[in-house]
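Q: Quick one: the structure is below, questions incoming.
Here's what the structure looks like:
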């Protein structure tokens with residue numbers, strides 16, 4: 001189950017014990033462990049640490065020993081001499097502690113959290129460094145749960161896919177706050193630099209009602225590096241064979257016992273013209289990006305915790321035919337596109353414990369964002385601005401003991417989006433106040449049940465009722481079954497969320513009265529841990545999820561070749577997704593991850609229920625990682641086999657533009673080698689080793705101002721083989 005939106009687990013004074021739980025990171029430094037279990041020895045009275053690794057537990061008469069545990073770490077028992085003192089617990093990674101000396105083990109690239117009622121795949125910092133991972137959109141090549149692809153062959157916009165459905169139905173979060181909604185979702189995946197991220201949590205199915213009503217297929221939550229645990233200085237330099245250059249600089253630390261601050265800078269650019277498939281168009285736009293993030297934390301355990309962040313983004317993209325420049329805007333002899341994205345956002349999360357009860361706390365979350373897009377696509381002008389504000393209030397407590405927890409609260413979301421397309425303006429203003437309640441029952445480590453519901457009222461769509469449930473049952477300590485179900489909603493934004501349709505000759509037709517998208521999602525997961533030869537660890541996870549839409553915005557590109565239609569679903573639309581994962585460490589420091597995912601996605605388009613176009617039918621994935629002693633050398637290799645996709649009906653096009661009924665299956669190979677020199681990591685790698693690309697990714701590229709021009713029929717990779725290299729320099733705490 002995703003954590004609460006704030007770092008405000010029960011912290012208190014008086015008749016209780018407050019403490020903080022740490023683990024050792026990849027450099028041997030102490031890192032707070034969120035979600036660690038803390039329990040009085042010999043009882044069922046327990047709690048878990050919050051997002052900062054802090055816990056508070058009521059004192060029990062006669063009890064002086066706390067048992068602390070966290071998956072992947074050796075349990076520890078701590079003697080508590082005085083409840084008035086702050087307890088610090090440092091856990092060692094499992095199986096590596098000898099004679100009082102802690103030996104650092106390799107951090108796996110990803111794992112499935114055993115603590116969460118929902119299936120949560122955690123991509124660690126080690127996993128993020130297996131590839132260059134310049135930004136969030138490039139962080140899922142080693143995951144079968146999430147697929148990332150280009151929205152079209154011109155703009156460079158990327159989109160994710162979960163359970164065979166668009167990422168629009170997945171909730172994108174940053175530290176359990178909404179990350180992007182509306183126009184930021186167009187290019188937002190490329191605006192989260194990889195060097196800013198501490199980890200990524202991917203959960204499938206309906207998420208917690210505490211986080212809102214928007215999650216349908218799942219949730220992707222990004223955890224950033226924290227000011228109070230960050231290294232004083234981190235530098236990352238990157239360059240590749242396609243001309244992309246990148247600089248990332250992070251710095252910060254503690255200012256005093258309670259205050260800490262951090263600054264993160266990202267600069268990147270690409271001025272090279274690249275055309276791998278020789279169609280006369282840039283495969284990726286020339287670009288410049290400036291991305292700044294400042295954050296401040298005030299942590300006074302037991303009294304107040306507050307985190308504030310400010311972001312600024314400017315992203316410029318220029319694409320189209322080779323040789324196109326900004327001065328050619330408005331020309332009908334050379335086709336080009338430009339998009340300038342700017343954004344500013346600020347957020348605050350504050351947790352306040354109640355001194356009367358260490359298990360009671362209040363949380364307040366506020367955020368505001370302003371976003372602006374200004375550009376053109378051929379002869380088509382487009383501008384859009386968005387103002388968004390969010391406020392959430394939460395109250396957390398227990399019923400009797402920590403086996404029965406609940407959280408209640410209210411929220412208000414406001415979005416105002418103004419769009420001008422070819423001189424025609426439109427405004428979408430939506431305010432959504434709501435309230436929610438969630439109850440959690442826990443019985444030892446065997447059973448967790450979470451039942452939640454929320455009621456929201458949209459000024460545009462009326463009442464939105466969202467029930468959700470999660471159940472986790474540990475049949476044995478090594479075999480866990482999870483079941484989830486619930487409803488989710490998505491407020492559609494036809495143009496902003498389908499920007500690729502502007503890079504075509506089609507006329508856009510949006511039906512009046514587009515309703516809110518809503519669907520039920522339910523699924524089951526089984527995870528089994530076991531031992532290989534010599535006691536080496538391994539696990540298998542199998543899951544199945546079904547999504548049934550009650551209403552959906554259909555993007556119809558098959559009605560005729562002159563239009564793209566947006567209208568409400570009239571019929572069935574569903575997704576079935578099956579996945580199996582195998583993780584193991586058959587030899588010391590050698591990790592193996594194998595996965596297979598099967599998608600069955602159908603939608604009623606133009607009155608006919610058919611397989612949804614441009615969705616891969618399956619993906620098979622293998623990731624192999626090996627590290628020498630002390631991580632002096634690291635070798636990573638990833639292989640993918642992506643299944644065929646149904647292609648849109650192109651019977652109305654001239655024969656030489658038609659693509660057939662299905663795309664071919666295709667492989668992708670990735671490799672990287674990293675060499676470590678004390679504080680310096682040097683890495684080189686290659687993406688798309690076999691140089692496989694989708695030929696004819698742009699229909700009508702030979703006549704971009706003609707009636708058949710369309711760049712949105714993307715089923716495979718656009719970019720060919722890319723060789724890259726870089727370095728990471730760290731001054732450790």
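In UniProt numbering, the protein residues as written are 1 to 733.
From the three backbone atoms N, C-alpha and C, an ideal C-beta is built for every residue, glycine too.
How should residue 325 be labelled, buried or exposed, when 16 other C-beta atoms within 10 angstroms of its C-beta is the threshold for buried?
A: With fewer than 16 Cβ atoms within 10 Å of its Cβ, residue 325 is classed as exposed.
Q: Could you check what DSSP says for residue 240 in three-state terms: helix, strand or coil?
A: Strand, per DSSP.
Q: Using only CA atoms, which one of 455, 371, 143 and 374 lies nearest to residue 734?
A: Since the first residue shown for the chain is 1 and the last is 733, residue 734 is missing from the structure and cannot be characterised.
Q: Write down every uninterrupted run of the beta strand (DSSP E) in the region 394-433 whose length is 3 residues or greater and which is fully enclosed by it, in chain order.
A: Fully enclosed beta strand (DSSP E) runs of 3 or longer: 401-421.
Q: Mapping the DSSP letters down to three states, classify residue 126 as helix, strand or coil.
A: Of the three classes helix, strand and coil, the one that applies to residue 126 here is helix, per DSSP.
Q: Mind reading off the beta-carbon distance from residue 511 to residue 566? Whole number of angstroms is fine, and I expect it under 8 Å.
A: Sure, about 6 Å apart at Cβ, within 8 Å.
Q: Measuring alpha carbon to alpha carbon, tell me which of 647, 726 and 464 ends up nearest residue 490.
A: When each option's Cα is compared against that of residue 490, the closest is 464.
Q: Nearest by alpha-carbon distance to residue 561: which of 672, 646, 505 and 173 is it?
A: With distances taken between Cα atoms, residue 561 lies closest to 505.
Q: Compute the Euclidean distance between the alpha carbons of residue 21 and residue 594, then round it to the nearest angstrom.
A: Cα to Cα, residue 21 sits roughly 32 Å from residue 594.
Q: Locate the beta strand (DSSP E) running through residue 173, then write down its first and last residues.
A: 170-174 is the extent of the beta strand (DSSP E) around residue 173.
Q: In or out: residue 443 buried (at least 16 other Cβ within 10 Å) or exposed?
A: It counts as exposed.
Q: What do you reckon, are the CB atoms on residue 91 and residue 23 nearer than 7 Å?
A: Yes. Within cutoff.
Q: Span of the beta strand (DSSP E) holding residue 300?
A: That run of the beta strand (DSSP E) goes 286-300.
Q: How big is the Cα-Cα spacing for residue 120 and residue 111?
A: Cα to Cα, residue 120 sits roughly 8 Å from residue 111.
Q: Quick one: residues in its chain with C-beta nearer than 6 Å to the C-beta of residue 622, no 5 flanking neighbours on either side, listed in chain order?
A: Closer than 6 Å at Cβ, skipping near neighbours: 594 and 639.
Q: Could you give the distance in angstroms between the alpha-carbon of residue 280 and the alpha-carbon of residue 334?
A: About 11 Å.
Q: Look at the alpha carbon of residue 472 and the alpha carbon of residue 721, and state the distance between them as a whole number of angstroms.
A: Rounded to the nearest angstrom, the two C-alpha atoms are 43 Å apart.
Q: Could you check where the beta strand (DSSP E) with residue 266 kicks off and where it finishes?
A: Note, residue 266: beta strand (DSSP E), 259-270.
Q: Rounded C-beta distance between residue 546 and residue 523? I'm assuming under 8 Å.
A: About 7 Å separates the two Cβ atoms, so the contact holds.
Q: Does the region 193-209 touch the region 382-399, meaning 3 or more C-beta pairs lie closer than 8 Å?
A: With a cut-off of 8 Å, the region 193-209 and the region 382-399 do not count as touching, because too few Cβ pairs lie within range.
Q: If you follow the beta strand (DSSP E) that residue 216 is part of, which residue opens it and which one closes it?
A: Where residue 216 is concerned, there is no enclosing beta strand (DSSP E), given that its DSSP letter is neither H nor E.
Q: Determine the burial state of residue 619: buried for a count of at least 16 other Cβ atoms within 10 Å of its Cβ, exposed for fewer.
A: Result: buried.
Q: Closest by CA to residue 290, which one among 502, 246 and 713?
A: The option with the nearest alpha carbon to residue 290 is 246.
Q: Counting only the same chain and skipping the five closest in sequence on each side, list residues whose C-beta sits under 6 Å from that of residue 557.
A: The residues are 564 and 648.
Q: How about the region 291-299 and the region 707-722: do they share at least three Cβ pairs that are nearer than 8 Å?
A: The region 291-299 is not in contact with the region 707-722.
Q: In the DSSP output, which residue or residues are listed as bridge partners for residue 567?
A: Answer by DSSP bridge pairing, in chain order: 554.
Q: Using the Cβ count rule (16 or more neighbours within 10 Å means buried), how would you classify residue 703?
A: Answer is exposed; the Cβ neighbour count stays below 16.
Q: For residue 667, which residues of its own chain have a beta-carbon under 8 Å away from its beta-carbon, when the five flanking residues on both sides are left out?
A: Only 639, 640, 641, 642, 690 and 692 meet the Cβ criterion.
Q: Should the region 337-351 be regarded as contacting the region 365-378, the criterion being three or more beta carbon pairs within less than 8 Å?
A: With the cut-off at 8 Å, the region 337-351 and the region 365-378 touch.
Q: To the nearest whole angstrom, what separates the beta carbons of residue 734 and residue 731, a pair I think is in contact under 8 Å?
A: Given that the chain is displayed from residue 1 to residue 733, the structure contains no residue 734 and the question cannot be resolved.
Q: Is residue 136 helix, strand or coil by DSSP?
A: In the structure shown, residue 136 sits in a helix (DSSP, three-state: H, G or I).
Q: Where does residue 706 land, buried or exposed, given buried means 16+ other C-beta within 10 angstroms?
A: Answer is exposed; the Cβ neighbour count stays below 16.
Q: Please report how far the alpha carbon of residue 127 lies from the alpha carbon of residue 181, in whole angstroms.
A: Each residue's Cα considered, the two are about 27 Å apart.
Q: Would you mind sorting residue 459 into buried or exposed? The rule is 16 or more other CB atoms within 10 Å of its CB.
A: With fewer than 16 Cβ atoms within 10 Å of its Cβ, residue 459 is classed as exposed.
Q: Does residue 73 pass the burial test, meaning 16 or more other C-beta atoms within 10 Å, or should it be called exposed?
A: So residue 73 ends up on the buried side.
Q: So, for residue 418: in the same chain, excluding its five sequence neighbours on each side, which residues have a beta-carbon less than 6 Å away from its beta-carbon?
A: Here the set comprises 385 and 427.
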